[in-house]
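S.K.: So that we are looking at the same thing, I have put the structure below in structure tokens.
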Ligand code: HEM
């Protein structure tokens with residue numbers, strides 16, 4: 068379906084939230100560097116998105132200022148203001164240097180059996196019933212346990228941690244309401260307290276992220292506040308993204324039963340299937356920057372201080388980059404997508420995310436006669452703009468005898 072002419076793209080509009088792809092196509096074709104609602108620039112073509120993400124003039128610290136002004140003074144802005152996602156060089160490189168080793172494939176190998184066992188544990192009750200809500204019963208608890216494992220935190224407190232994390236995370240979205248802000252302020256105090264207690268109980272030996280950060284703190288490479296803000300934001304970014312991507316990926320498979328059958332018959336296709344799910348309907352739809360200089364892009368003059376949003380979800384459907392961009396095809400030769408970003412901020416958690424997606428989607432595809440248990444109109448998306456994820460995804464299958 069083609070969208071009507073997009074005059075001022077607004078990712079918070081209800082129809083865009085439900086299905087942004089018709090608008091993306093219009094932008095890709097007619098206005099690749101578009102002045103949208105609230106004077107924000109939207110960049111959609113793959114080549115331009117990659118160029119923006121690799122150019123330091125499109126910076127982050129201005130976004131931190133914008134956000135800290137929005138939430139006002141207090142613990143929330145002190146903690147979230149210090150996160151790696153809001154830093155430019157040299158602080159960004161310093162923090163990435165400290166946390167990076169915990170994300171390497173060799174460091175993450177210890178989590179592989181944990182992830183496999185978690186998926187099996189979570190699926191067990193559903194296997195007997197033949198029904199489940201994939202979002203609530205598998206995607207969220209899996210992603211939360213994996214990120215707690217990465218950090219080296221116990222998983223007993225995951226209900227509270229998930230609740231605080233979602234409340235804080237909602238304040239980071241362009242569509243956040245006054246009530247979201249109030250709940251974010253209320254949650255951060257308890258969340259920070261929990262992290263402080265975990266830090267007090269930990270030593271700086273071991274391979275996990277908490278141990279690495281404590282060792283860096285001892286060497287003067289990271290402040291205590293930066294540790295707390297890193298824990299808070301990694302829990303949020305690490306679990307919201309994966310949980311949303313499990314739901315989006317499974318829905319793409321369910322909407323294309325031929326592709327689901329193909330995967331069921333050839334489990335070795337799980338890795339390219341995950342890449343196609345990431346390309347086709349990414350959990351992170353956009354990334355925001357603020358210009359530190361005037362820049363010309365496609366004949367448009369973007370001014371210093373202008374806010375620029377790159378649309379990964381659009382770049383992944385760019386016909387200049389992908390053959391048959393709107394076809395969901397798990398056998399396509401995977402061309403890297405923009406779903407994990409690009410350049411110096413390329414997602415640190417991509418390996419961990421792929422590990423979870425392959426394990427979860429592989430196991431779900433193996434459920435006999437897996438099918439949706441609700442009509443398409445019954446599916447709704449969470450009220451967010453940067454992240455795209457379903458509120459629930461009920462499925463049915465043949466129960467184990
Ligand atoms: C499907 C799941 C995921 C998706 C789609 C995703 C997507 C992204 C994207 C697009 C960026 C770039 C942000 C920008 O350029 O402004 C990013 C950065 C980042 N991601 Fe992920 N992510 C996922 C999972 C994870 C996980 C599991 C973690 C683990 C905690 C994680 C940690 C990070 C960190 C720390 C950064 C910041 C890197 C930097 O600023 O240098 N992500 N992610």
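In our numbering, the protein residues as written are 68 to 468.
Yeah, the Cβ is synthetic: ideal placement off N, Cα and C, and Gly gets one too.
Using the DSSP secondary-structure output, state which residues sit across from residue 200 in a beta bridge.
M.R.: 461
S.K.: Quick one: using the 10 Å Cβ neighbour count with 16 as the cut-off for buried, is residue 467 buried or exposed?
M.R.: exposed
S.K.: Using the three-state DSSP reduction, which class does residue 308 fall into: helix, strand or coil?
M.R.: Helix.
S.K.: Taking the alpha-carbon positions, what's the residue 168 to residue 75 distance?
M.R.: 42 Å
S.K.: Residue 157: which of 140, 127, 177 and 173 sits nearest, CA to CA?
M.R.: 127
S.K.: Would residue 358 and residue 348 be called neighbours here (beta carbons separated by less than 8 Å)?
M.R.: no
S.K.: Classify residue 302 as buried or exposed, calling it buried when 16 or more other Cβ atoms lie within 10 Å of its own Cβ.
M.R.: buried
S.K.: Using the Cβ count rule (16 or more neighbours within 10 Å means buried), how would you classify residue 87?
M.R.: Residue environment analysis places residue 87 among the buried positions, since at least 16 neighbouring C-beta atoms fall within 10 angstroms of its C-beta.
S.K.: Reducing DSSP to helix, strand and coil, say where residue 354 ends up.
M.R.: Correct three-state label for residue 354: strand.
S.K.: Once you ignore the five residues that flank residue 247 on each side, which residues in its own chain have a CB closer than 7 Å to its CB?
M.R.: 237 and 238
S.K.: Following the continuous alpha helix (DSSP H) through residue 346, name the residue where it begins and the one where it ends.
M.R.: 337-347
S.K.: Could you check whether residue 293 and residue 177 sit closer than 8 Å to each other, using their CB atoms as the reference points?
M.R.: no
S.K.: Between which two residues does the alpha helix (DSSP H) containing residue 165 stretch?
M.R.: 158-166
S.K.: Leaving out five residues on either side along the sequence, give the residues of the same chain with a beta carbon under 8 Å from the beta carbon of residue 218.
M.R.: So the list reads 275, 276, 277, 298, 301 and 302, once near-sequence residues are dropped.
S.K.: Just to confirm, is the Cβ distance from residue 371 to residue 360 under 8 Å?
M.R.: yes
S.K.: Counting only the same chain and skipping the five closest in sequence on each side, list residues whose C-beta sits under 8 Å from that of residue 450.
M.R.: 84 and 242
S.K.: Let's see if you can read the secondary structure: which residues bound the alpha helix (DSSP H) around residue 365?
M.R.: Where residue 365 is concerned, there is no enclosing alpha helix (DSSP H), given that its DSSP letter is neither H nor E.
S.K.: Looking at residue 412 and the ligand HEM, is the gap between the Cβ and the nearest heavy atom below 7 Å?
M.R.: yes
S.K.: Does the ligand HEM have a heavy atom nearer than 7 Å to the CB of residue 406?
M.R.: Within the cutoff, so yes.
S.K.: Nearest-angstrom Cα distance between residue 437 and residue 233?
M.R.: 29 Å
S.K.: In the DSSP assignment, the beta strand (DSSP E) including residue 109 goes from what residue to what residue?
M.R.: Taken as a continuous stretch (DSSP letters only), the beta strand (DSSP E) holding residue 109 covers 108-110.
S.K.: Can you give, in chain order, each stretch of the alpha helix (DSSP H) that sits fully within the segment 244-318 and has at least 4 residues?
M.R.: 245-267 and 276-285
S.K.: Any heavy atom of the ligand HEM closer than 7 Å to the Cβ of residue 383?
M.R.: no
S.K.: With 16 other CB atoms within 10 Å as the buried threshold, where does residue 456 fall?
M.R.: buried
S.K.: Among 131, 245 and 94, which one has its Cα closest to the Cα of residue 115?
M.R.: 94
S.K.: Does DSSP classify residue 378 as helix, strand or coil?
M.R.: strand
S.K.: Going by C-alpha distance, which of 334, 140, 331 and 153 is nearest residue 251?
M.R.: 140
S.K.: Taking only heavy atoms of the ligand HEM into account, decide whether any of them is closer than 7 Å to the Cβ of residue 301.
M.R.: yes
S.K.: Using a Cβ distance threshold of 8 Å, determine whether the segment 326-343 contacts the segment 395-406, with at least three qualifying pairs required.
M.R.: Short answer: they touch.
S.K.: When you compare each of 188, 175, 194 and 196 to residue 215 by their alpha carbons, which one comes out closest?
M.R.: 175
S.K.: Run the CB neighbour count on residue 314, radius 10 Å, all protein chains shown included, and call it buried at 16 or more, exposed below.
M.R.: buried
S.K.: So the beta strand (DSSP E) residue 73 belongs to, where does it begin and stop?
M.R.: It is not in any beta strand (DSSP E) - residue 73 carries neither H nor E in the DSSP assignment.
S.K.: For the beta strand (DSSP E) holding residue 101, just list the boundary residues, first then last.
M.R.: 100-102
S.K.: By DSSP, does residue 83 sit in helix, in strand, or in coil?
M.R.: It is helical.
S.K.: Any chance the segment 202-209 sits against the segment 180-191, with 3 or more Cβ pairs inside 8 Å?
M.R.: Touching, yes, given that three or more Cβ pairs across the two stretches are closer than 8 Å.
S.K.: What does DSSP give as the partner residue(s) for residue 448 in the beta ladder?
M.R.: 457
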